[in-house]
Amino acid sequence: MRQDHLISATQLSRADIEAVLDRAAEIDADPAAWHGRHSGSILGLCFFEPSTRTRMSFDTAMKRLGGRTTDMGAVESSSVKKGETLADTMRVLEGYADALVLRHPSEGAAAMAAEFVDVPLVNAGDGAGQHPTQTLLDLYTIRENAGLDDITVGIMGDLKYGRTVHSLASALTNFDVRQEFVSPESLRLPRSVRYDLHGSGAQVREHTDLDGVLADLDILYVTRIQRERFPDENEYRKVAGEYRIDAEDLDVAKDSLTVLHPLPRVDEIAPEVDDTRHAKYFEQAHNGVPIRMALLDSLLETDTEGDR
Amino acid sequence: MTDTDRELRVSKIRNGTVIDHLTAGQALNVLALLGIDGSGGETVSVGMNVPSDTLATKDIVKVEDRELSQSEVDVLAVISPEATINIIRDYEVIEKQRIERPESVEGVLSCPNRNCITTGDEPIRTRFAVLEEGLRCHYCDEIVRESEITSHLTVT
C-alpha cells in the first residue's frame with residue numbers, strides 16, 4: 001500500500017497529526033497564500049452514501065487550492081447501479097483524478113480500494129469503521145480550544161457504530177489525554193477499538209451516564225444516538241433522553257469546557273447550548289476546510305515530487 | 001501402549017495426511033476447515049478424546065489422498081497450536097510438517113461483520129492478522145476470538 005493513502009486514524013503518529021494541524025493553522029492565518037497552489041490538479045469525489053459536510057468541505061478545499069473536483073454523483077445514477085464492484089469503479093476513477101476521496105457504507109471499503117489504486121486515496125468514512133479526516137479537524141478544534149496534552153476528553157453517544165468516535169479515540173492515544181466514554185451499555189465501544197486503546201496504554205474509563213464525569217471534562221464530544229440501531233422504538237426513546245444535554249446540564253462543567261459534535265445533530269444537544277461559550281461545533285465544522293486543504297496539499301505535493 | 005499403537009485405533013492410511021495432537025474437541029472443526037463433510041467420498045478416520053502422553057486427551061484426523069494448503073495449516077495453528085502434521089506415503093511418514101503460529105491467515109475464514117467489504121462481491125480474499133487471542137480482519141478491524149474462529153470457516 002502507498003504510504004500516502006489515509007485510511008485509518010490508527011496509521012497517524014503524533015508527528016503526522018501535528019504536521020497537518022500546523023499546516024492547517026498556516027492556511028487559516030493566510031488563506032490567500034494558498035490559492036492556486038494546486039491549479040491543474042483534480043480531486044475525485046466518490047461518495048457511495050449521502051454526505052454534506054465532508055463532501056462539500058473536500059470540494060471547497062480543493063477549489064481553494066486552485067484545483068478542481070470531479071464527482072461520480074449519486075450512486076443511483078452511476079454504474080454501481082449496474083452491479084459494478086467497488087474495486088472496478090475505483091480502478092476506473094483513478095485514471096480521472098490526481099487523488100480520490102471515498103465514502104462508502106461498508107467497513108473496510110477504503111482499505112480494500114487502496115489496494116487497487118495508485119493515486120492517493122482518502123477514507124471519508126467507511127460504514128461504522130473510520131473517518132480519519134473528521135478526526136483531524138476534531139483534533140484541530142481541540143488544540144485550538146484546550147491544547148492536546150494533559151486534558152480530559154469525554155466522548156458520549158453511539159460509541160459502537162460511530163466512526164468518528166473510533167478514529168478520534170485512536171488518534172487521541174498519541175497525546176496525554178484521559179478518555180471518558182459515556183454510552184448505553186448496548187452502544188459501548190466495539191471490541192477492536194477497546195483492544196487498540198488497551199494496547200496503547202491509554203487512560204480510558206467507560207460510563208453509562210455523564211453526571212459523574214462532566215465536571216472533570218475539558219472537551220465533551222457528543223454524537224447522535226442512532227435511532228435506526230434500535231430494534232425497539234421504546235428502548236431508543238428511553239436511552240436517547242439520557243444522552244441529551246441542555247444548558248442547565250452544563251452548569252456543573254468547567255467554564256472552559258468545549259462541546260463538540262461531528263454533526264448532523266438531531267436532539268442530543270439542545271439549541272440553547274448554541275448560545276453558550278461552550279458550543280464550538282459549528283466552528284469545528286468550518287475547520288474541515290483548512291484541515292482538508294492541508295491534507296490535500298500534503299498528498300498532492302508528495303505526488304508531484306514523485307515520492308510514490 | 002505407545003502413541004503408535006493408539007493411532008492404530010483408527011486405521012492406518014496409505015497416502016495422505018495425519019493431523020495428530022489436536023486439542024480435544026477440535027477434530028470436527030478440522031474437518032470443517034478442510035471442507036470435508038463426507039459428500040466428497042474421501043476416506044477419513046477420526047479419533048476423538050484419545051488418551052495422550054503429552055496432552056491429557058487429544059483428537060486425531062487421518063485423511064486419505066489429501067494434503068493441507070498453507071492457509072489451512074495457518075488456521076490449524078491458531079485453533080490447535082499443539083497439532084502435528086504427518087505426510088504419509090505407502091503407510092510411511094515421509095514428512096513431518098512444521099506448524100507455526102502465522103502472522104496472518106488468508107482466504108479460509110469469512111468475516112463475521114456482515115457489513116465488512118469482504119462479504120460483498122469484491123475481487124479480494126479475506127485476510128486476518130493473528131493476535132495473541134484471536135484474529136483481526138485486515139479490512140474492517142473486526143476481532144474474532146479463538147473460540148469463535150471455527151464458526152467462520154469458509155468451507156470450500
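Residue numbers (my numbering), protein chains in the order written: chain A, 1 to 308; chain B, 1 to 156.
Ideal Cβ positions, reconstructed from N, Cα and C, are used throughout, including at glycine.
- Where A:Thr-89 is concerned, the enclosing alpha helix (DSSP H) starts and stops at 86-93.
- Distance from the CA atom of A:Glu-26 to the CA atom of A:Met-293, rounded to whole angstroms, is 11 Å.
- Nearest Cα to B:Pro-123 within the set A:Leu-299, A:Leu-102, A:Arg-91: A:Arg-91.
- B:Arg-136 belongs to the set of residues whose beta carbon lies under 8 Å from a beta carbon in chain A.
- If you check the CB distance, A:Glu-180 and A:Val-222 do not come in under 8 Å.
- By the neighbour-count definition (other C-beta atoms within 10 Å, threshold 16), A:Arg-163 is a buried residue.
- Judged by DSSP in its simplified three-state form, B:Arg-101 adopts coil rather than helix or strand.
- Around the beta carbon of A:Gly-36, fewer than 16 other beta carbons lie within 10 angstroms, which makes this residue exposed.
- Within the stretch 106-126 of chain B, the residues whose Cβ lies closer than 9 Å to some Cβ of chain A are Cys-111, Asn-113, Asn-115, Cys-116, Ile-117, Thr-118, Thr-119, Gly-120, Asp-121, Glu-122, Pro-123, Ile-124, listed in chain order.
- For the 8 Å CB-CB criterion, A:Ser-51 and A:Arg-103 form a contact.
- The CB of A:Arg-103 never comes closer than 9 Å to any CB in chain B; the least such distance is about 13 Å.
- Under the three-state reduction of DSSP output, A:Asp-150 falls in the coil class, being neither helix nor strand.
- For the options A:Arg-23, A:Gly-95, A:Ala-128, the alpha carbon positioned closest to that of A:Val-117 is the one of A:Gly-95.
- Chain-ordered, the chain B residues with CB closer than 8 Å to the CB of A:Glu-107 read Asn-113, Asn-115, Cys-116, Ile-117, Tyr-139, Cys-140, Asp-141, Glu-142.
- For A:Arg-191, at least one C-beta of chain B is nearer than 8 Å to its own C-beta.
- The stretch 282-291 of chain A and the stretch 8-25 of chain A touch, with three or more beta-carbon pairs separated by less than 8 Å.
- Between B:Val-18 and B:Glu-42, the gap from beta carbon to beta carbon reaches 8 Å or more.
- Looking at the DSSP output, A:Ile-219 shares a beta bridge with A:Val-153, A:Thr-258.
- Selection B:Asn-15, B:Arg-114, B:Ile-149 evaluated against B:Cys-140 yields B:Arg-114 as nearest (Cα-Cα).
- Proximity of A:Ala-202 to chain B, defined by a Cβ-Cβ separation below 8 Å, is not satisfied.
- The C-beta distance from B:Leu-135 to B:Leu-109 rounds to 7 Å, short enough to fall under 8 Å.
- Under DSSP, A:His-207 shares a beta bridge with A:Val-182.
- In the same chain as A:Arg-265, and ignoring 5 residues on each side of it, the C-beta atoms closer than 7 Å to its own belong to Arg-224, in chain order.
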